[in-house]
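Student:
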Amino acid sequence: MELLDPLLLARWQFGLTTLYHYLFVPLTLGLALVVAIFQTAWHRTANVAWLHLTQLFGKIFLINFAMGVVTGIVQEFQFGMNWSAYSRFVGDIFGAPLAFEGLMAFFFEATFIGVWIFGWNKLPKALHLASIWMVVIGSTLSAYFILAANAFMQNPVGFEMAADGGRAELVDFWAVLTNPVVLAAFPHTIFAAWMFAAAVVIAVSAWHLSRGQHLETLRKSLRFGMWFMIVSFVGVFLSGDQLGLVMVATQPMKMAAAEAIWDSACGADASFSLFSIGTPDGSEEIWSLRVPYLLSLLSTHSLDGCVEGLNDLQALYSEQFGAGIDYMPIVWVTYWSFRWMIALGGVATLISIAGLWVTRKKATRPVRGWMWKIAIWSAPLPLLGSLVGWVFTEMGRQPWIVFGLMFTEDGVSPNVPGWTVLISLIAFTLIYAALAVVEFGLILKAAQKGPEPLPDPDAEGAESTALEDTPTTVY
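Numbering (the UniProt record's numbering), first residue to last: 1 to 475.
(1) Run the CB neighbour count on P26, radius 10 Å, all protein chains shown included, and call it buried at 16 or more, exposed below.
(2) Can you tell me whether E319 is buried or exposed? The criterion is at least 16 other CB atoms within 10 Å of its CB, across all chains shown.
(3) For the segment 4-67, which segments carrying the alpha helix (DSSP H) assignment without a break, of at least 4 residues, lie completely within its bounds, in sequence order?
(4) In whole angstroms, what is the alpha-carbon distance linking S139 and L356?
(5) Could you pull the start and end residues of the alpha helix (DSSP H) that L183 belongs to?
(6) Per the DSSP calculation, L141 is bridged to which residue(s)?
(7) Based on the DSSP secondary-structure assignment, which residues constitute the bridge partners of A265?
(8) Out of M229, Y327 and W372, which has the shortest C-alpha to C-alpha gap to V347?
(9) Pick from L147, G165, A446 and Q398: whose alpha carbon is nearest that of P187?
(10) Where do the ends of the beta strand (DSSP E) carrying E169 lie?
(11) Beta-carbon within less than 7 Å of M195's beta-carbon, same chain only, minus the 5 sequence neighbours each way: which residues are those?
(12) According to DSSP, W400 sits in a beta bridge with which residue or residues?
(13) Rounded to a whole number of angstroms, what is the C-alpha to C-alpha distance between A192 and I202?
(14) Per the contact definition of three or more C-beta pairs closer than 8 Å, is the segment 126-133 in contact with the segment 30-41?
(15) In the DSSP assignment, find the unbroken alpha helix (DSSP H) run with E160 in it and report its ends.
(16) Given a threshold of 16 other Cβ atoms within 10 Å of its Cβ, counted over all protein chains shown, does S302 qualify as buried or as exposed?
(17) From what residue to what residue does the alpha helix (DSSP H) around I426 run?
(18) DSSP beta-bridge partners for V347?
(19) Using the Cβ count rule (16 or more neighbours within 10 Å means buried), how would you classify K59?
(20) Does the Cβ of L387 have 16 or more other Cβ atoms within 10 Å, making it buried, or fewer, making it exposed?
(21) What residue range does the alpha helix (DSSP H) around G298 cover?
(22) Alpha carbons only, please: which of G404, L310, I353 and G385 is nearest the one belonging to G322?
(23) If you compare alpha carbons, which of A163, G396 and F159 is closest to N179?
(24) Helix, strand or coil for L123? Go by DSSP, reduced to three states.
(25) Would you check whether the ligand NAD has a heavy atom nearer than 6 Å to the C-beta of E169?
(26) Check for me: the alpha helix (DSSP H) holding P156 runs from which residue to which?
(27) In its own chain, which residues sit with a C-beta less than 8 Å from the C-beta of G369, not counting the 5 before and 5 after it?
(28) Considering W377, what are the terminal residues of the alpha helix (DSSP H) in which it resides?
(29) Report the three-state DSSP secondary structure of V231 (helix, strand or coil).
(30) Excluding the 5 residues preceding and the 5 following F428 in the sequence, name in chain order all residues of the same chain whose CB lies nearer than 6 Å to its CB.
(31) Leaving out the 5 sequence neighbours to the left and right, which residues in its chain are closer than 8 Å to L215 when beta-carbon positions are compared?
(32) Which of the three DSSP states is assigned to G461 in this structure?
(33) Just list the residues that DSSP pairs S273 with in beta bridges.
(34) Report the rounded CA-to-CA distance for Y317 versus W390, giving the unit in angstroms.
(35) Helix, strand or coil for I93? Go by DSSP, reduced to three states.
(36) Determine, using beta-carbon pairs with one atom in the segment 154-172 and one in the segment 1-15, whether at least three such pairs fall under 8 Å.
Shown next as structure tokens:
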């Protein structure tokens, strides 16, 4: 493939900008909930420690939200710039959920963020608390509508082809919103976002605790973050199981590639591959370490279930959609991204389980310095797991941009030369790199500043200080 191939460059650009934008999405989804919980705890207990935690992680949330808005705008422009044929094909379908996301969910979320920011000391405490919960609802709805649009690419429903066969036309919006793929992917995505938010809470808390700072306040957030991580991982695991069943039903080729299973197998032969080595061209397996029955159990919830293999599906798709096309995704990318997704989330959860044990009240040994470092540097693990999960989701669908309806190569803009895509790719990469430095610097500064110190319980006026509203100068 030539260097200035518009298709190759357009795919790289959309992939890089989308993954970069997604750096901010899970933290927005997760921290909104964390801040709401902390503020609720303050509202119910009047413990000023929860107020200070609300302020600390509220600052990080707002910084991240602003950057997410900026980077998200680029995504819409790319549809028209590099993917006009695709936009024309799915525009009638995507228009509805994206309009709901922008005009209802995002505006709802942004409005109540404004109320929350400027409502300190101006609104009744209960009403101000309600505003941050409205932000949680708005951000969650926004994620649902986006995932509904993406689910159509994985499993097209609720449409009819136009008379000329050039575009899909929406006939059942409810079918789009209740696509089995979005019903399974939505909780999986939300729980994964919560895991990243928990990791950030743990890292910020561990950084201060390792320096002996804000011990009473940040011990609360540390323990909360660890429990939140574990609960969220359980949600990821259970929702991932359901998503796997849906994937087998709607995109069996993706599941076959995820397991590098070349020939259909049943029962004990439908084994789960822990590690596999294939030929250089990825066309067949040389050696693998497998667990009998496990793939059958995961794919069908039955020990004697059958799983279709890559070769059989290739023959089936050739007959169904046309011969002479390779319908297999890049197997090694799909195979390893699936495993890295699981491993990164699992390691983060194990760290939280160990952390709960070593920081328990009855612990007889102090937490070592290297333990704090592990807690701090493990913060990116859930985010990396989410990113490679999206690599698996999107690359496992190839060569389709809309499964069964449109190939990726047919979706690119027909009259855009490769050099223009290359220029915008370089420009976006440099701008995003600069924004990443700014984003990380602002969040790091807010995190290292930490919460306000707790009032001295013996000091005059300490009780009233603990119960008063937050200062208007916080934001």
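Just so you know, even glycine gets a beta-carbon here, dropped at the ideal spot from N, CA and C.
Tutor: Let me spell this out:
(1) buried
(2) exposed
(3) 6-22 and 25-45
(4) 30 Å
(5) P180 to L209
(6) Beta-bridge pairing links L141 to no other residue.
(7) V307
(8) M229
(9) L147
(10) A168 to L170
(11) M229, S232, F233, V236, G345, A348 and P382
(12) F407
(13) 15 Å
(14) yes
(15) From DSSP, E160 is part of no alpha helix (DSSP H) but of the beta strand (DSSP E) over F159 to M161.
(16) exposed
(17) G418 to K449
(18) Looking at the DSSP assignment, V347 forms no beta bridge with any residue, so it has no partner.
(19) buried
(20) buried
(21) It is worth fixing the name first, because residue 298 is Leu in this sequence and not Gly. Counting along the chain, the alpha helix (DSSP H) containing L298 begins and ends at L294 to T300.
(22) G404
(23) F159
(24) coil
(25) Questions concerning the ligand NAD fall outside what the structure shown contains, since it holds no ligand whatsoever.
(26) Element bounds for P156: n/a, residue is neither H nor E.
(27) S210
(28) G369 to W377
(29) helix
(30) T17
(31) L209
(32) With a pLDDT of 41 at G461, under the threshold of 50, the modelled position of that residue is not reliable, and the figure given next carries that caveat. G461: coil per DSSP, three-state reduction.
(33) R290
(34) 24 Å
(35) helix
(36) no
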